[in-house]
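Asks: One structure, pasted below without further comment.
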Amino acid sequence: MATIPNGRGIKALGKTSAKSGLLPIEIARPTPGPNDVHIKIMYCGQCHSDVHATNGDWGVDLYPMAPGHEISGIVLKSNSEKFKEGQRVGVGCMVESCQSCSLCDEGLENHCPGMIQTYSSKFPHSKDHDDCAGYQTNGGYSEEIVVHDRFVFSIPESMKMEHAGPLLCAGITTYSPLNRFVKGKKGQQHVGIIGFGGLGMMAVKIAKAMGAEVTVFSRSMAKEEQAKKLGASFVCHGDSELMVSMERSIDTILDTISIGHEVAHMIGTLKVGGTYCFLGGVPEPVKISAFQLLLSRYTVTGSLIGGIPETVEMLDFCAEHGIVPEIEVIHASKAAETYDNLESGKFGAYRSVIDMSTIGDLY
Numbered sequence: 001m002a003t004i005p006n007g008r009g010i011k012a013l014g015k016t017s018a019k020s021g022l023l024p025i026e027i028a029r030p031t032p033g034p035n036d037v038h039i040k041i042m043y044c045g046q047c048h049s050d051v052h053a054t055n056g057d058w059g060v061d062l063y064p065m066a067p068g069h070e071i072s073g074i075v076l077k078s079n080s081e082k083f084k085e086g087q088r089v090g091v092g093c094m095v096e097s098c099q100s101c102s103l104c105d106e107g108l109e110n111h112c113p114g115m116i117q118t119y120s121s122k123f124p125h126s127k128d129h130d131d132c133a134g135y136q137t138n139g140g141y142s143e144e145i146v147v148h149d150r151f152v153f154s155i156p157e158s159m160k161m162e163h164a165g166p167l168l169c170a171g172i173t174t175y176s177p178l179n180r181f182v183k184g185k186k187g188q189q190h191v192g193i194i195g196f197g198g199l200g201m202m203a204v205k206i207a208k209a210m211g212a213e214v215t216v217f218s219r220s221m222a223k224e225e226q227a228k229k230l231g232a233s234f235v236c237h238g239d240s241e242l243m244v245s246m247e248r249s250i251d252t253i254l255d256t257i258s259i260g261h262e263v264a265h266m267i268g269t270l271k272v273g274g275t276y277c278f279l280g281g282v283p284e285p286v287k288i289s290a291f292q293l294l295l296s297r298y299t300v301t302g303s304l305i306g307g308i309p310e311t312v313e314m315l316d317f318c319a320e321h322g323i324v325p326e327i328e329v330i331h332a333s334k335a336a337e338t339y340d341n342l343e344s345g346k347f348g349a350y351r352s353v354i355d356m357s358t359i360g361d362l363y
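Shown next as structure tokens:
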């Protein structure tokens with residue numbers, strides 16, 4: 001990646017502090033270097049992680065900050081043999097890694113100590129990043145982005161661009177654990193999904209495509225109709241009698257909730273030897289009884305997005321099975337409102353995807 005030019009202002013939406021609203025701002029982008037792809041951003045999905053990061057909930061203090069890691073767009077210029085001008089591409093939650101450690105070699109770039117997030121990260125001072133050292137990454141709520149080709153994805157021909165971005169976050173976040181714990185297992189697996197927002201909906205669709213029986217757990221009865229429409233059964237986990245009837249019935253649970261919540265009564269729905277996988281970045285410690293683990297041989301684990309090869313596999317899987325996120329495309333002028341709805345928990349059944357071609361109307 002090459003030098004950051006002085007004064008090259010790119011239109012974006014972002015926050016100037018943890019307490020500011022989402023505002024029109026300007027950000028810098030690097031001039032494309034070897035193996036870089038310069039992308040005109042057409043769409044960017046809004047994710048709850050955008051709220052946590054820009055609010056400083058995860059300890060990041062880099063402002064102004066333009067969020068967004070559900071990006072789809074068109075190649076403007078390519079210094080890579082993998083991509084050509086005009087090609088439809090996507091960018092997910094990371095834009096760089098060391099590319100030389102054992103984790104990167106295994107396709108686990110998401111766990112590389114040198115992984116650089118699409119926004120809210122800084123390039124380190126090193127021999128590989130001297131010309132970009134200290135550069136702050138900014139995300140897809142913007143006109144364009146420059147990314148190393150390893151972290152750029154070709155969008156399948158059958159997939160609409162506005163659907164691709166959310167798959168690079170919610171899609172891979174749910175596909176990766178389902179790929180590990182459910183796909184290809186002997187006999188029909190029973191998967192439990194806790195929470196039914198953007199992650200939960202994607203998890204249901206992918207798990208069903210893998211042949212699993214799926215049960216959605218939520219406290220909101222308003223989610224029941226949508227869950228059943230997608231082929232899942234529904235359990236209100238505030239109903240103690242119903243929860244007792246679900247004991248030892250689930251093979252794998254994906255917990256998609258990103259705020260503090262009780263886990264002990266949920267883990268009891270797992271079969272002996274079942275797996276409980278956290279996908280939400282809950283900041284508070286989680287309380288689980290050691291006796292529950294001893295008596296039932298549960299595995300408690302977590303999963304963070306996915307590596308590059310698995311993300312390519314996920315896109316192909318979703319294209320093959322016609323899996324797309326439930327979205328609503330919005331004008332950039334509505335982005336602050338939908339962002340606030342995410343923050344307050346008022347989001348509905350659809351994931352908001354910003355039409356970034358409209359951002360110029362705000363300037």
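Residue numbers (full-length UniProt numbering): 1 to 363. Glycine included, each C-beta is placed from N, C-alpha and C at the ideal position.
1. Output the boundary residues of the beta strand (DSSP E) element that contains ARG351.
2. How many whole angstroms separate the CB atoms of LYS205 and LEU230, which I take to be in contact at a CB cut-off of 8 Å?
3. Bridge partners of ARG88, per DSSP?
4. Ordered along the chain, which non-local residues of its own chain (more than five positions away) have a Cβ less than 8 Å from that of GLU343?
5. CA-CA distance, PHE317 and THR252?
6. Straight-line CA distance for ASN110 to LEU304?
7. For HIS38, report the span of its alpha helix (DSSP H) as first-last.
8. Between the C-alpha atoms of LYS11 and HIS48, what's the straight-line distance to the nearest angstrom?
9. Exposed or buried, GLN226, counting other C-beta atoms within 10 Å across all chains shown (16 or more means buried)?
10. Who does VAL147 pair with in a DSSP beta bridge?
11. How is LYS271 classed by DSSP in three states: helix, strand or coil?
12. Could you pull out every residue in the same chain whose Cβ sits closer than 6 Å to the Cβ of PRO283, ignoring the five residues on either side in sequence?
13. Using 8 Å as the threshold, is the C-beta distance between CYS93 and CYS112 below it?
14. Could you have a look at ILE193 and say whether DSSP puts it in helix, strand or coil?
15. Please report the distance separating the alpha-carbon of residue 365 from that of MET356.
16. What's the C-alpha gap between LYS127 and CYS101?
17. Give the secondary structure of HIS321 by DSSP, where H, G and I count as helix, E and B as strand, and everything else as coil.
18. So, at 7 Å on beta carbons, what are the nonlocal neighbours of PHE83 in its own chain, with the 5 sequence-adjacent residues on each side left out?
19. First and last residue of the beta strand (DSSP E) that includes GLY9?
20. Scan the segment 200-265 and note each continuous alpha helix (DSSP H) run of 4 residues or more that stays entirely inside, going in chain order.
21. Measure how close the beta-carbons of VAL214 and ALA207 come, nearest whole angstrom, since I'm counting them as under 8 Å.
22. Just checking my contact of ALA170 with GLY198 at CB under 8 Å: how many whole Å lie between their CB atoms?
23. Give the straight-line distance between the Cα atoms of GLY139 and GLU70, rounded to the nearest whole angstrom.
24. What did DSSP end up calling CYS112 once you bin it into helix, strand or coil?
25. Going straight from the alpha carbon of ASP61 to that of SER78, what length do you get?
26. Using DSSP with H/G/I as helix, E/B as strand and the rest coil, what is LEU23?
27. Could you give the DSSP three-state label for TYR363: helix, strand or coil?
28. Label GLU262 either buried or exposed according to how many other C-beta atoms from any shown protein chain fall within 10 Å of its C-beta, with 16 as the threshold for buried.
29. Contact between the segment 294-308 and the segment 173-193: three or more CB pairs below 8 Å?
30. Return the chain-ordered list of same chain residues with a C-beta closer than 8 Å to the C-beta of ALA18, the five sequence neighbours on each side being excluded.
31. Helix, strand or coil for LEU123? Go by DSSP, reduced to three states.
32. Using the beta-carbon count (16 or more within 10 Å), is PHE278 buried or exposed?
Replies: So, to answer that:
1. Segment 351-355, the beta strand (DSSP E) holding ARG351.
2. 6 Å
3. ILE74
4. VAL51, ASN55
5. 20 Å
6. 7 Å
7. From DSSP, HIS38 is part of no alpha helix (DSSP H) but of the beta strand (DSSP E) over 36-45.
8. 22 Å
9. buried
10. VAL37
11. In the structure shown, the three-state DSSP call for LYS271 is strand.
12. none
13. no
14. strand
15. Not covered by the structure: residue 365. The range shown for the chain is 1 to 363.
16. Any reading at LYS127 needs caution, since the residue's pLDDT is 48, under 50, leaving its predicted position unreliable; the model's value is listed next. Whole-angstrom Cα-Cα distance: 15 Å.
17. helix
18. VAL37, VAL75, VAL89, ASP149, VAL152
19. The continuous beta strand (DSSP E) containing GLY9 extends over residues 9-14.
20. 224-229, 240-245
21. 5 Å
22. 5 Å
23. Looking at the two C-alpha atoms, the distance is approximately 9 Å.
24. coil
25. 32 Å
26. Residue state, collapsed to three classes: strand.
27. In the three-state DSSP reduction, TYR363 falls in the coil class, being neither helix nor strand.
28. exposed
29. yes
30. The residues THR54, ASN55, GLY56, ASP61, TYR63, in chain order, have a CB closer than 8 Å to that of ALA18 in the same chain once the five nearest residues on each side in sequence are set aside.
31. Rather than Leu, the amino acid found at residue 123 in this sequence is Phe. Correct three-state label for PHE123: coil.
32. By the neighbour-count rule (16 or more Cβ atoms within 10 Å), PHE278 is buried.
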